[in-house]
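Data first, discussion second: the structure below is written as structure tokens.
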Amino acid sequence: MMRNRSQFLFFLLFTSTFVFCLIIFFGSRRALIESVENTKKITQLQEAKSNIVYYDEVLTMSARMAAYTGSRKWIERYYLVVEKLDKAIDVAKKLAPSSISYKGAEVTEIANQELIKLEELSFNLVKENQQLKAQGVLLSSEYDRQKEIYSQGMKELDVELEKEIFKLQQTADYNINLTSSLFLILILILILIWWFVVKKLVILQRTLSLQKEREFEQATEMALLGEIAAGIGHDIRSPIAVIVANLNILKNAEKQERHSKSIESIENSLKTMNSMIGNLLSLARNGEEDKVRLEFLEKIVQEALSFSAKRLRLATLDIEKDIVKKYPEDFQIICPKAKLTQVLINLIQNAADAVSDLEEKWIEIDGFIEGNFYFVSVTDSGNGISEDVAEKIFRPQYTTKEEGKGTGLGLSLSYKMVQRLGGELFLDKNYGHTRFVIKLPNHH
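Numbered according to numbering that gives the first Met the number 0, the sequence shown spans residues 0 to 443.
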């Protein structure tokens, strides 16, 4: 389920990034094309505007020079410039048709036609060598009047073309600003998507990690319970053997009264088995059954010692002589009984393994209150743990025992159990012997 969610989030991240990159690419491409086109239009309009003004002045000058000099080259130049002026006006019409249809455009065009007629009349007079008459035409009041109308119209055209250039520039700037703003918004959205997806992926990864850790701890806990159950199975065989032997005696008995000791032995063995099974069930409890409540430490320690009896015997430790209880018999502690029992089993069995080869063997269990915390300690007669080992001792699968004698899971699991109870399991490095301490909050 979580893997599918992770794959979906990766797909969402990839798809959104790809889509946004496409939008940004095509958007920037379109904006660039429009910007280039507008810049080209502006340049062409500015050039056409300048040419119209320039060619108009050249026409006037050519007509007058032809009239005053009588040279026909000015007439030829005049008609060449007329073609160029027409082309410049056509460019302006194509790029900015609205500018050519301004309010006085029609009057200006009429004045232009009248000026052309008068200038052509002047050219004909020049060709007939009548320069004075030609000059008179260009100096006439009619020519001046039409010239004034035309000049005013050209000024208005110049203003209209300037407006069109300004409008194009504004459009180009607007498109660039709009595109930039949209790109910025898209990038921010993409960043937010990345942030959201990465955050979700981190949470998923953390959840998966915690889930795997929990599964590992549950498997470890089951392995520990299996180990305890195996020890219980071995211990139960002894009372069963006693029961079977005594039952055989009773079967062959002539008088039942003679064998009261056998019956008593059977009863004691059954009580022992019942106690062991009860302890095992108590240890296996979880959830609602293992509530945090006030418990006698002595009862918890007795159960832990009962489960550890086989390991203690292998280490040649006598429960009555070599296990020292320093806490008061009525000492009580607020805790989940089964969890604390499991932790104590692990600490007691580790202590038994640690002192098995020593001449002086003992294990000391203590319990006391200090401030707002309960403390339960398990100390053995060993000389402590080296600094190098102490740094790694609570890591999963780390063990100092020989191969096949330890999994390295017990202390790690115990550490996690105590941590979940809001407490702490630590090695007292300043103590003279090897001492592990359980620290639990006092909820009173």
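From the three backbone atoms N, C-alpha and C, an ideal C-beta is built for every residue, glycine too.
Taking 9 Å as the threshold (C-beta atoms), are residue j and residue i in contact?
i           : j           : result
residue 154 : residue 59  : no
residue 138 : residue 118 : no
residue 462 : residue 363 : No answer is possible for residue 462: the residues shown for the chain start at 0 and end at 443.
residue 307 : residue 347 : yes
residue 50  : residue 171 : no
residue 437 : residue 375 : yes
residue 107 : residue 43  : no
residue 383 : residue 296 : no
residue 351 : residue 313 : yes
residue 34  : residue 174 : yes
residue 426 : residue 389 : yes
residue 310 : residue 378 : no
residue 361 : residue 387 : no
residue 71  : residue 116 : no
Which same chain residues end up closer than 8 Å to residue i when comparing Cβ atoms and leaving out the 5 residues on each side of it in sequence?
i           : result
residue 48  : 91, 157, 160, 161 and 164
residue 94  : 40, 43, 44, 47 and 163
residue 458 : There is simply no residue 458 to check, as the chain begins at 0 and stops at 443 in what is shown.
residue 285 : Confidence at residue 285 is low in this model, with a pLDDT of 46, below 50, so its placement is unreliable and the value that follows should be read with caution. Excluding residues within five positions, the ones whose Cβ falls inside 8 Å are 337.
residue 142 : 114, 117 and 136
residue 122 : 62, 65, 74, 77 and 133
Less than 9 Å between CB atoms is the rule here; does residue i satisfy it with respect to chain C?
i           : result
residue 207 : Absent from the structure is chain C; it holds one protein chain and no more.
Which of helix, strand or coil does DSSP assign to residue i?
i           : result
residue 391 : helix
residue 168 : helix
residue 373 : strand
residue 198 : helix
residue 379 : strand
residue 360 : coil
residue 344 : helix
residue 327 : coil
residue 89  : helix
residue 317 : coil
residue 130 : helix
residue 84  : helix
residue 430 : coil
residue 111 : helix
residue 160 : helix
residue 384 : coil
residue 179 : helix
residue 441 : coil
residue 213 : helix
residue 144 : helix
residue 69  : coil
residue 187 : helix
residue 18  : helix
residue 355 : coil
residue 420 : coil
residue 138 : coil
residue 34  : helix
residue 95  : coil
residue 305 : helix
residue 285 : Only weak support is given to the placement of residue 285: the predicted model assigns it a pLDDT of 46, under 50, and the value that follows is read from those uncertain coordinates. Coil at residue 285, not helix or strand.
Between residue i and the rest of its own chain, which residues show a CB-CB distance below 7 Å, the 5 nearest in sequence each way excluded?
i           : result
residue 61  : 73, 76, 77 and 80
residue 149 : 107, 110, 111 and 114
residue 54  : 80, 83, 84 and 87
residue 328 : 297
Under the assumption that residue i contacts residue j (Cβ atoms under 8 Å), give the Cβ distance between them as a whole number of angstroms.
i           : j           : result
residue 124 : residue 110 : The pair is not a contact, with the Cβ atoms about 21 Å apart (cut-off 8 Å).
residue 331 : residue 369 : Contact doesn't hold; Cβ gap of about 15 Å is too wide.
residue 338 : residue 420 : 7 Å
residue 392 : residue 340 : About 21 Å separates the two Cβ atoms, so there is no contact after all.
residue 440 : residue 349 : Actually they do not touch by this definition, with Cβ atoms about 24 Å apart.
residue 16  : residue 189 : 7 Å
residue 442 : residue 333 : 5 Å
Looking only at DSSP bridge pairs, what is residue i linked to?
i           : result
residue 294 : 332
residue 368 : 373
residue 436 : 376 and 425
residue 322 : 362
Below 6 Å CB to CB, which residues in the same chain sit around residue i once its five sequence neighbours on both sides are set aside?
i           : result
residue 64  : 73
residue 167 : 37, 40 and 41
residue 430 : none
residue 13  : none
residue 303 : 340, 343, 344 and 347
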